[in-house]
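Here it is as structure tokens:
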């Protein structure tokens, strides 16, 4: 059975802060817009327990901020579909086609805001213990480890913030840091270093985790001496960076060696009328505020492109 073809002004793929912001601007511009999300509206923001660096909020839960963004976009008239998985795309300067499980969409412009996923820990037993002691979301899985010993691997803000969050449940949080420094904000780092439940292990790296059905211990190696030792713990949470969700677009969109999408200052990719915004884009800083800025620029550029081409529906 052939799928129905739907034409529209703008399609946005990915409903994190960048995609939701684009939807807000597109809806205000009265563009016929569809926002697709095949996982959860809000993206990684929804898994953040507390956000303290978003303007206008001294502190706000990630889920609450995501809900506010979604509500604003929908009240302005944005159409958000969480259940129609994108199967394939065809992109050129003249034509854009997005095939989902239900329809074939032909948007006049496209914004890619698919974000990024946590990079998996490079240890032999990662797959064996995934969800059974190896995790990447403290808000999602931390409560399971009440009064347990938890390790956090990483050196940026995410690792520091999640370590602090995990102290709500764990009897002890061990930060395994392969260098002798962290790259996070000073205020957050000070809070970590002064927390009675957190032990920081500088110059140590995670080698592997072991156990029967669930993680029971880990082997770590000293990055300066090469010495190894086993430590008892119940879970490991990894925060060693992210990988962009760009597999769908690799045949059409130029990507960096890391898989991110390079754009110009207007979020334009190598294809006319196709834009990238948020964590999926090549840039130095990946914050909620930079994602929102990307989404704003992408939507304004897309509107200008549609109007100038005289294709507005």
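Residue numbers (the numbering used here): 996 to 1308.
The C-beta atom is built at its ideal place from N, Cα and C for all residues, glycine as well.
Applying the 10 Å Cβ sphere with the 16-neighbour rule, what's the burial state of residue i?
i: residue 1048; result: exposed
i: residue 1294; result: buried
i: residue 1050; result: exposed
i: residue 1279; result: exposed
i: residue 1191; result: exposed
i: residue 1103; result: buried
i: residue 1249; result: exposed
i: residue 1174; result: exposed
i: residue 1027; result: buried
i: residue 1156; result: buried
i: residue 1246; result: exposed
i: residue 1163; result: exposed
i: residue 1208; result: exposed
i: residue 1282; result: exposed
i: residue 985; result: Residue 985 lies beyond the stretch modelled for the chain, which goes from 996 to 1308, so this question has no answer here.
i: residue 1000; result: exposed
i: residue 1138; result: exposed
Could you give the DSSP three-state label for residue i: helix, strand or coil?
i: residue 1233; result: strand
i: residue 1147; result: strand
i: residue 1174; result: coil
i: residue 1276; result: strand
i: residue 1142; result: coil
i: residue 1301; result: helix
i: residue 1266; result: coil
i: residue 1117; result: coil
i: residue 1019; result: helix
i: residue 1076; result: strand
i: residue 1261; result: coil
i: residue 1204; result: strand
i: residue 1159; result: helix
i: residue 1063; result: helix
i: residue 1005; result: strand
Does any C-beta atom of chain C lie closer than 8 Å to the C-beta of residue i?
i: residue 1054; result: You won't find chain C in this structure, because it holds only one protein chain.
Cβ contact (3+ pairs, closer than 8 Å) linking the region 1050-1066 and the region 1007-1015: Yes, they touch.
- Query: Are three or more beta carbon pairs between the region 1216-1224 and the region 1110-1124 nearer than 8 Å?
  - Reply: no
Q. Should the region 1137-1153 be called in touch with the region 1230-1243, which here means at least 3 C-beta pairs below 8 Å?
A. The region 1137-1153 is in contact with the region 1230-1243.
- Check whether the region 1021-1039 touches the region 1288-1302, taking contact to mean three or more Cβ pairs, one atom from each stretch, closer than 8 Å. yes
Specify whether the region 1028-1037 and the region 1061-1081 touch according to this definition: at least 3 beta carbon pairs, one from each stretch, less than 8 Å apart. Yes, since at least three Cβ pairs between the region 1028-1037 and the region 1061-1081 fall closer than 8 Å, the two stretches touch.
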